[in-house]
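*Asks:* Input: one structure, supplied below.
Residue numbers (this note's numbering): 269 to 349.
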């Protein structure tokens with residue numbers, strides 16, 4: 269988890285325990301999507317925010333950022349790049 273934070277500059281905003289370790293929640297920056305209007309249909313704009321659930325497993329019992337190995341990441345609302 270420490271390596272993920274160091275490489276991305278993102279820190280978790282929430283965490284909950286799971287049977288295999290912990291799941292950390294990371295909220296990325298918000299972005300605005302604009303669909304231009306045409307033929308009498310108004311322009312539509314919406315905001316979305318990238319949210320990642322990072323599943324981890326305990327490496328040791330210390331509970332530090334270095335103590336968690338990332339086992340999976342689920343993304344929602346993130347750009348594909």
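We put the beta carbon where it would ideally sit given N, CA and C, even for glycine.
(1) Here's the rule: buried if 16 or more other CB atoms are within 10 angstroms of the residue's CB, otherwise exposed. What is residue 324?
(2) Please name the residue in 270, 286 and 304 whose C-alpha comes closest to that of residue 280.
(3) Measuring only the C-alpha atoms, how far is residue 339 from residue 317?
(4) Sorted by chain position, which residues of the same chain lie with C-beta nearer than 8 Å to residue 311's C-beta, five sequence neighbours on each side aside?
(5) Rounded to a whole number of angstroms, what is the C-alpha to C-alpha distance between residue 289 and residue 300?
*Replies:* Looking at the atomic coordinates:
(1) buried
(2) 270
(3) 23 Å
(4) 302, 303, 304 and 305
(5) 34 Å
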